[in-house]
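>
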Amino acid sequence: MSRRRVVALFRRVVSEIRRDRPSLALLFIAPIVITGLVTFILRESQAPQVTAVVVNLAGTRGQVVGSALGAALREGGATVSDVADEATARAAIGDKSASVGVVIGVDAASGSSLSITVITNGVDPSGEASQVSAVGRAVVAAANSASGTAIPVVRHTTVYGTPTDDPITTFAPAIVGFFAYFFVYILTGVSFLRERTGGTLERLMATPVTRGEVVIGYTLGFGLFATIQVAVLMLWALGSLQVPALGPLPSFSIGLGVAVNGSPLLAFLVVVLLAVGAVSLGIFLSTFARTELQVIQFIPIVLAPQFLLSGVLFPVSSLPSILQPIVAIMPLNYAVDGLRQVFIRGADLGVPALQLDLAVLAVVAVFFATIAALTIRRDVA
Amino acid sequence: MALQAAPQVEGAGSTPAIRALGLVKTFGALRAIDDVSFDLAPGGIYGLLGPNGSGKTTLIRLLAGLTVPSAGWAEVLGTRMPSRPNLSRIGYMTQADGVYSALTVAENARFFGAMYGVVGDEAAAGALGLVELADRRASIVGTLSGGQRRRLSLACALIHRPPVLFLDEPTVGVDPLLRVQFWSHFRALADAGTTIVVSSHVMDEADRCDELLFVRSGKVIARGTGQEIRARAGTADLEQAFLRLGGEAEVTR
Numbered sequence: 047m048s049r050r051r052v053v054a055l056f057r058r059v060v061s062e063i064r065r066d067r068p069s070l071a072l073l074f075i076a077p078i079v080i081t082g083l084v085t086f087i088l089r090e091s092q093a094p095q096v097t098a099v100v101v102n103l104a105g106t107r108g109q110v111v112g113s114a115l116g117a118a119l120r121e122g123g124a125t126v127s128d129v130a131d132e133a134t135a136r137a138a139i140g141d142k143s144a145s146v147g148v149v150i151g152v153d154a155a156s157g158s159s160l161s162i163t164v165i166t167n168g169v170d171p172s173g174e175a176s177q178v179s180a181v182g183r184a185v186v187a188a189a190n191s192a193s194g195t196a197i198p199v200v201r202h203t204t205v206y207g208t209p210t211d212d213p214i215t216t217f218a219p220a221i222v223g224f225f226a227y228f229f230v231y232i233l234t235g236v237s238f239l240r241e242r243t244g245g246t247l248e249r250l251m252a253t254p255v256t257r258g259e260v261v262i263g264y265t266l267g268f269g270l271f272a273t274i275q276v277a278v279l280m281l282w283a284l285g286s287l288q289v290p291a292l293g294p295l296p297s298f299s300i301g302l303g304v305a306v307n308g309s310p311l312l313a314f315l316v317v318v319l320l321a322v323g324a325v326s327l328g329i330f331l332s333t334f335a336r337t338e339l340q341v342i343q344f345i346p347i348v349l350a351p352q353f354l355l356s357g358v359l360f361p362v363s364s365l366p367s368i369l370q371p372i373v374a375i376m377p378l379n380y381a382v383d384g385l386r387q388v389f390i391r392g393a394d395l396g397v398p399a400l401q402l403d404l405a406v407l408a409v410v411a412v413f414f415a416t417i418a419a420l421t422i423r424r425d426v427a
Numbered sequence: 010m011a012l013q014a015a016p017q018v019e020g021a022g023s024t025p026a027i028r029a030l031g032l033v034k035t036f037g038a039l040r041a042i043d044d045v046s047f048d049l050a051p052g053g054i055y056g057l058l059g060p061n062g063s064g065k066t067t068l069i070r071l072l073a074g075l076t077v078p079s080a081g082w083a084e085v086l087g088t089r090m091p092s093r094p095n096l097s098r099i100g101y102m103t104q105a106d107g108v109y110s111a112l113t114v115a116e117n118a119r120f121f122g123a124m125y126g127v128v129g130d131e132a133a134a135g136a137l138g139l140v141e142l143a144d145r146r147a148s149i150v151g152t153l154s155g156g157q158r159r160r161l162s163l164a165c166a167l168i169h170r171p172p173v174l175f176l177d178e179p180t181v182g183v184d185p186l187l188r189v190q191f192w193s194h195f196r197a198l199a200d201a202g203t204t205i206v207v208s209s210h211v212m213d214e215a216d217r218c219d220e221l222l223f224v225r226s227g228k229v230i231a232r233g234t235g236q237e238i239r240a241r242a243g244t245a246d247l248e249q250a251f252l253r254l255g256g257e258a259e260v261t262r
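Sequence lines, in order, name chains A and B.
To convert a position in the first sequence, counted from 1, into this note's numbering, add 46.
To convert a position in the second sequence, counted from 1, into this note's numbering, add 9.
Rendered as C-alpha cells:
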C-alpha cells in the first residue's frame, strides 16, 4: 500500500468533482431544497376540513347522541348537517359535498346498545384516516358530555420524545441518511463508469497501483464530499439561525430547527459509514453498466427498495413479515435507525442498539469495498 | 525511405527485452491470440502490423500483463507477466486517450507520475516538455485539441522513463505534422535504449520501425525488417507484401 498513490488518487477525485459544477450543485442544493420542502409540507399541512353528515336511525336515544356528537364535531371546527338516511349520506360523500358520514344505529348483535358507523369515500385511505379520528375524538367528547359518566381522558405518550413533537423530527434523520447514500452512489457510480469506459482504468491498471489503493483513494475522495454534504445538510436541518428584522425585511430564521437530543458528531459517524459503503457500491455496480444511463437505471433496483424498506416512509415494524429478512440486510435501515437513536433518543456509544447499527454499517462498508476491489480488474482481465 | 541498420542487432546475444512464449488468449470459442512466440531485443522499434481485429491490442495487453494468457506466457525484462511491480518499468499508451478531461495537463501528468511512484514535478515537466505541452500545463484537458490530448497521453506513458514502451495505435487521429513529431520521439527514445512496441494498421508507418511483425487472426505471420519482408514477398509495396504473406483473407474481407 503506497500512501503517495492513495493521496494522488484522492486528490484526483477531489479535483475532478470540484470542477464539476452541476454535480456539486446536485450534491448540496438538491438535498437542502428537498428537506426544506418536506419540512414545510409536514409542518404546514392543513388540518383536514371535516364536513360531516349525521344519520340517526336510533330514535330519541340516537337523537341525544347525535346532537352531542354534532356539537363536539362543531367544537373541533367541523361543518355538521343531519340527513335522513344512509343513502343520502353516501351520495353526499360520493359527490364530495360531505367528507364523512356518521350513522347512529342500534347494534344488531346486542339489539339494545347504540352503534356508530363512520363512512368515508375510500379513495384516499391515509387522508381519510384523519376524518375517522376526528369522529373518534368527537365520540369521546360527546360521550363525556352526554352521559356525564367519567370516560378517562385518552392520552398518548412515548418513551422518547413526545407524540406531539414536530413531525420532521422522525423524518429528518431518515432523509439525511438517504441523501448521503443516494448522491454518493450516483457520483461514484458515474465517475467510475467514466473511468472504465474512458480508457483511464485500463491505463491505471497498467501502473503498479493496487485495486485496494484505488478503492481507498476513491473512498477518501468521495467520502470527503459526502462528509461536507452531510455537514451542510445537518447544519441546515438542525440549525435555526435567527436573522433579525432589517428595514422592511421581517426577521426570519435559516435552517429547519430540527431538535436533536444526541451528539451531532455521532450522527455524522453513522452517515459517513453509510457513505463509505455507497462509494464501494457505486464502484461495484458500475461493473454491470455500460452507460451513465444504466447507472441511473440501477436506482429503482438498488435504492428504491432501500427507500421503501428502511423506515424512511413506512415504519419498519409495519412492513409485512415476509419482507423482514430483507429489511434486516438493508444498510440504509441501520443508518436510519442509528440516526434516529441519536437524534430522538439521544443515544451515545454505550447504547447497544446504536452499537449494532454502527457495527453493521462498518461490516457492510468493508464487504462492499472488498467486492468493489475484486471487480475492478474484471473487465480488464 | 531507406532505413539505417537496426540498432537492436548490437544486443543480439543479450537477454531479450520482451519475450512471448506460446501465448494463447481465447475469448470463448475465439482464439484472439493463437500460439505466438517471439523474442524482441532491447532498444528498437517493433511494429505490430495488421488489420483491425487481428489481435494487436490483445497481444500488447498480454505482453503488458493486463490480461492473463490462456496458455503460454510473456516476459518483460526477464520477469514473467503479469507482474505488478514490473509495471513500473513499462509504459503503456492506450488506444483511447485515457486521460482525465476534468483535470489540467499538469495534474494528469502528476497523477500518472504518482501512480508509477515518481516523486516530484520534474519528471512530469520533462515528459510534457518532450511532447511540447509545457505551455499548456494549466489547461483543462477537455479544452485541448485531439492531437494535444494524444500528446498528453504519450507523455503520461513516458513519465517514469520506462525501458519498455507499448504504444497501441499511437498515431490514430493524429495529423501528419504531429505524426512526424511522434515518430521522431519514438526514434530518439529507441536510440537511447528504450524497447518500443507500436501497433498500427497503417502500412506507411511500417518503414519507421526497425522490425515488423505482421499479425493476422491472432498469429504472427511474418517478421523481419521492411526490406527483408519486401524481398521475401517480391514486392516493393508492404500492403501487397502483407497480402502475399498470408494476410489476404483478412484484408480483402
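Backbone N, C-alpha and C fix where the C-beta goes; we use that ideal spot for every residue, glycine too.
#1: For the region 28 to 47 of chain B against the region 71 to 90 of chain B, are there 3 or more C-beta pairs whose distance is under 8 Å?
#2: Roughly how many whole angstroms lie between the Cα atoms of proline 16 (chain B) and proline 185 (chain B)?
#3: Counting only beta-carbon atoms, is leucine 242 (chain B) nearer than 9 Å to chain A?
#4: Which whole-angstrom value describes the C-beta separation of leucine 57 (chain B) and leucine 222 (chain B), a residue pair presumed to lie in contact below a C-beta threshold of 8 Å?
#5: Based on DSSP bridge pairs, tell me the residues matched to threonine 113 (chain B).
#6: Assuming glycine 168 (chain A) and valine 101 (chain A) make a contact with CB atoms under 8 Å, what is their CB distance in whole Å?
#7: Give the single residue among A:Asp141, A:Gly105, A:Arg64 and A:Phe229 whose Cα lies nearest to the Cα of leucine 320 (chain A).
#8: Are any of the Cβ atoms in chain A nearer than 9 Å to that of valine 114 (chain B)?
#9: When we look at the beta-carbon of leucine 292 (chain A) and count the other beta-carbons within 10 Å, is it buried (16 or more) or exposed?
#10: Applying the 10 Å Cβ sphere with the 16-neighbour rule, what's the burial state of threonine 152 (chain B)?
#11: Between alanine 335 (chain A) and valine 255 (chain A), what straight-line distance do the alpha-carbon atoms span, to the nearest angstrom?
#12: Please identify, using Cβ separations under 8 Å, the residues of the region 249 to 273 of chain A that lie next to chain B, in order along the chain.
#13: Whole-angstrom Cβ separation of glycine 233 (chain B) and glutamate 220 (chain B), contact assumed at under 8 Å?
#14: Using CA coordinates, which residue listed in B:Val150, B:Arg98 and B:Arg40 is at the minimum distance from leucine 167 (chain B)?
#15: For alanine 123 (chain B), return the contacting residues in chain A, with the cut-off set at a CB-CB distance below 7 Å.
#16: State the Cα-Cα distance for the pair histidine 194 (chain B) and valine 181 (chain B), rounded to the nearest angstrom.
#17: Kindly indicate if chain A contains any beta-carbon less than 9 Å away from that of threonine 120 (chain B).
#18: Less than 9 Å between the beta carbons of arginine 386 (chain A) and threonine 134 (chain A), yes or no?
#19: Below 8 Å CB to CB, which residues in the same chain sit around glycine 243 (chain B) once its five sequence neighbours on both sides are set aside?
#20: By Cβ distance, which residues of its chain are closer than 6 Å to arginine 119 (chain B), with the 5 residues on each side in sequence left out?
#21: Please list, in chain order, all residues of the same chain as alanine 137 (chain A) whose beta carbon is under 8 Å from its beta carbon, the five residues on each side excluded.
#22: Report yes or no: do three or more beta-carbon pairs, one from the region 377 to 386 of chain A and one from the region 240 to 258 of chain A, lie closer than 8 Å?
#23: Can you confirm whether isoleucine 42 (chain B), when its beta carbon is compared against all beta carbons of chain A, has any partner nearer than 9 Å?
#24: Nearest by alpha-carbon distance to aspartate 177 (chain B): which of B:Phe36, B:Leu32, B:Asp44 and B:Leu72 is it?
#25: Taking only beta-carbon positions, decide if valine 426 (chain A) is within less than 9 Å of chain B.
#26: Quick one: complete beta strand (DSSP E) runs, 3+ long, within the region 78 to 104 of chain A?
#27: Whose C-alpha, out of B:Leu75, B:Val211, B:Phe47 and B:Gln236, is nearest the C-alpha of serine 92 (chain B)?
Answer, in terms of the structure:
#1: yes
#2: Any reading at proline 16 (chain B) needs caution, since the residue's pLDDT is 43, under 50, leaving its predicted position unreliable; the model's value is listed next. If I take the Cα positions, the gap works out to 26 Å.
#3: It should be noted that the sequence gives alanine, not leucine, for residue 242 (chain B). Output row for alanine 242 (chain B): interface = no.
#4: Going by Cβ atoms, the distance from leucine 57 (chain B) to leucine 222 (chain B) rounds to 5 Å, so yes, they are a contact pair.
#5: B:Ile149
#6: That belief does not hold up - the Cβ atoms of glycine 168 (chain A) and valine 101 (chain A) are roughly 18 Å apart, past 8 Å.
#7: A:Phe229
#8: no
#9: exposed
#10: exposed
#11: Computed Cα separation, rounded: 23 Å.
#12: Arg249, Leu250, Met251, Ala252, Thr253, Pro254, Val255 and Thr256
#13: 7 Å
#14: Minimum Cα distance to leucine 167 (chain B) is reached at B:Arg98.
#15: Arg50, Arg51 and Ala54
#16: 16 Å
#17: The question names threonine, but residue 120 (chain B) is phenylalanine in the sequence shown. The beta carbon of phenylalanine 120 (chain B) sits closer than 9 Å to some beta carbon of chain A.
#18: Not closer than 9 Å, so no.
#19: Arg253
#20: Ala133
#21: none
#22: no
#23: no
#24: B:Leu72
#25: Residue placement at valine 426 (chain A) cannot be trusted, given a pLDDT of 42 that sits under 50; what the coordinates show is reported in the next sentence. Yes, contact with chain B.
#26: 97 to 102
#27: B:Leu75
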